[in-house]
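These notes concern the structure reproduced below.
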Ligand code: SF4
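In my numbering, the protein residues as written are 178 to 749.
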């Protein structure tokens, strides 16, 4: 069942009012890949009446008022991506295309969507029910953060948007608890996974340096980020508070980790896997091509690449679905009209973390003093791809499935670290689960830059490349590796990009094309380095390229395409 998007649809299912109205910056695709959809359907499953308004027109009351006022709360999200990341490139040019908008033109999601949607609601529903922010934009902007697009530190989005509550992380549990407490009239302030504004400090919580202190002293901002990052594990995290004007942002500890039964319950919900007809008539939604026949096997990632925000949003612990739940979803896909036998992706944030997790972390929380994969995989992980091999086999054997691809990113250091069946796993991928090319993301080849990124060194990349091509030879396959690389990451100079180019030509025997300029997205370690120009792990000053022309140059010395150089002045 689709969530209703109009009064007529509400009437058809006999709902005269709604408990919760979701407002989203993405169009409404009824899929587990859309966070608003998941929250909405999860609330419906638990007895609440939920409707959705996707990409409302912000210049008229028409869209935002069409479902009336919710009884319990509004739930606002910018969509699957932060609205500034969705709307602008790494060099601050407006993006023309949007895969989450019908018709593909990027003209529906406003900049700083959570703020704009909150204002829109307040304009037409004065003194209405509370507004709860959620999704990646809210989650990563929940405390004081660096905003690349305005080149300054900003307060929590909750202060900027003037909303009531912010739900962070994967919000099923906190949103359900909010609905329950709003309905019963109980105090909601103790719910895990939420932030709110308070006049009082929360004495039992840890204090983060205030907004004013962070603005006036970069080392205070580093201290604030490190404490914030360290208090993100559902087993060990403390609550936090941070003064942001005369008041405090209070962050309760994160939601408890989902059990396997709970994550199965979420992914077993009856998703339509289609764009809602109200939005479908507005044009083709390109994102659907990628997600329609894809399956999520797990959430969370312990890779902790410094430029990635998954650890802060989904967490460092892998929570996996049961094989039975994944198989059931694959069997449902087979029944879909027009299914041609191909599962486009069986993965998660990192595909090959399924079935590999640390027992100590599950019991006592993630280590604070070391990382699970950097500088090399921790022995406590006991890396073994056996479970994934079994899963791949089971899905492949379903009648009607011709091929299962793994398109999500893979950690090749994990594959090489698996003495028991890493080679068999790679053989299996090469033989049967990639379509001509395997995409990997070494991001760089120079060890100094890789250390700033928190990625494995180039010798691991070279070993993996050799194994991959040996297996292709063995199976008489003509497949190749595609390398995703980053230019202008903090600590990276033009000289290192030249060395990358040399390594790519001499050792990898490629002319790299997939090179992205680093984007300082909110709440990552790399963004902290970008803003402060300090390596937070050593306290030493580092070089950071901030000139747009020189950022292009870093990229273009690798790609050999110099079209953007000279186009820009010394812009920052
Ligand atoms: S023991 Fe190792 S794998 Fe486990 S949480 Fe700590 S660093 Fe990660």
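Heads up, the beta-carbon is just placed ideally off N, CA and C, and yes, glycines get one too.
*Do residue 659 and residue 587 have their CB atoms nearer than 8 Å?*
no
*As assigned by DSSP and simplified to three states, the class of residue 340*: coil
*Any non-hydrogen atom of the ligand SF4 closer than 7 Å to residue 558 Cβ*: yes
*asked:* Cutting at 8 Å between CB atoms, please list the residues of its own chain near residue 346, excluding the five before and the five after it.
replied: 316, 370, 431, 432, 490, 491 and 492
*In the DSSP assignment, what are the bridge partners of residue 254?*
201 and 311
_Going by DSSP, what residue range makes up the beta strand (DSSP E) through residue 693?_
692-694
*Under three-state DSSP, which class holds residue 228?*
strand
*Residues that DSSP places opposite residue 617 in a beta bridge*: 660
*Are the region 564-584 and the region 637-649 in contact at 8 Å, needing three or more beta carbon pairs?*
no
_Going by the DSSP bridge assignment, what does residue 371 pair with across the sheet?_
344
*asked:* the ligand PLP and residue 263: does any heavy atom of the ligand fall closer than 7 Å to the residue's C-beta?
replied: The ligand PLP is not part of the structure shown, which contains the ligand SF4 as its ligands.
*Anticipated Cβ contact below 8 Å, residue 202 with residue 254, distance rounded*: 7 Å
*Tell me whether residue 625 sits in a helix, a strand or coil according to DSSP, three-state version.*
helix
*Who are the near neighbours of residue 697 in its chain, counting only those whose CB is closer than 6 Å to its CB and skipping five residues on each side?*
325, 704 and 707
*From residue 412 to residue 273, what distance separates their C-alpha atoms?*
42 Å
_Taking the straight line between their C-alpha atoms, what separation do you get for residue 259 and residue 343?_
15 Å
*Any idea what DSSP makes of residue 612, helix, strand or coil?*
coil
*So the alpha helix (DSSP H) residue 221 belongs to, where does it begin and stop?*
212-222
_8 Å Cβ cutoff met for residue 248 and residue 195_ = yes
*Any heavy atom of the ligand SF4 closer than 7 Å to the CB of residue 531?*
no
*Where does residue 296 fall in DSSP's three states?*
helix
*What are the boundary residues of the beta strand (DSSP E) that residue 607 is part of?*
Residue 607 -> no beta strand (DSSP E), and no H or E assigned at all.
_For a quick check, are the C-beta atoms of residue 476 and residue 525 less than 8 Å apart?_
yes
_Of the listed residues 688, 211, 735 and 714, nearest to residue 443 (C-alpha basis)_ = 211
_C-alpha gap between residue 749 and residue 415, whole angstroms_ = Low confidence applies to residue 749: its pLDDT is 49, below 50, so where it sits in the model is not reliable, and the reading given next is rough at best. The straight-line gap from Cα to Cα measures roughly 37 Å.
*asked:* Rounding to the nearest angstrom, what Cα-Cα distance links residue 746 and residue 726 in this structure?
replied: Model confidence at residue 746 stands at a pLDDT of 48, short of 50, so the residue's coordinates are unreliable; what they give is reported in the following sentence. Answer to the nearest angstrom: the Cα atoms are 6 Å apart.
*Starting from the N-terminal side, write out each stretch of the alpha helix (DSSP H) that is 4 residues or longer and does not extend beyond the region 462-522.*
464-468, 487-490 and 500-512
*Compute the Euclidean distance between the alpha carbons of residue 634 and residue 554, then round it to the nearest angstrom.*
12 Å
*For the ligand SF4, any of its heavy atoms closer than 7 Å to the Cβ of residue 407?*
no
*Residue interval of the alpha helix (DSSP H) (run including residue 390)*: 388-393
*Looking only at its own chain, which residues have a Cβ that is under 7 Å from the Cβ of residue 389, when we skip the five neighbours before and after it?*
none
*Does the Cβ of residue 507 lie closer than 7 Å to at least one heavy atom of the ligand SF4?*
no
*asked:* I need the boundaries of the beta strand (DSSP E) containing residue 553, first residue and last residue.
replied: It is not in any beta strand (DSSP E) - residue 553 carries neither H nor E in the DSSP assignment.
*Below 7 Å CB to CB, which residues in the same chain sit around residue 449 once its five sequence neighbours on both sides are set aside?*
179 and 207
*Is the beta carbon of residue 308 sitting closer than 8 Å to the one on residue 295?*
yes
*Using the DSSP secondary-structure output, state which residues sit across from residue 545 in a beta bridge.*
According to DSSP, which records beta bridges pairwise, residue 545 is partnered with nothing at all.
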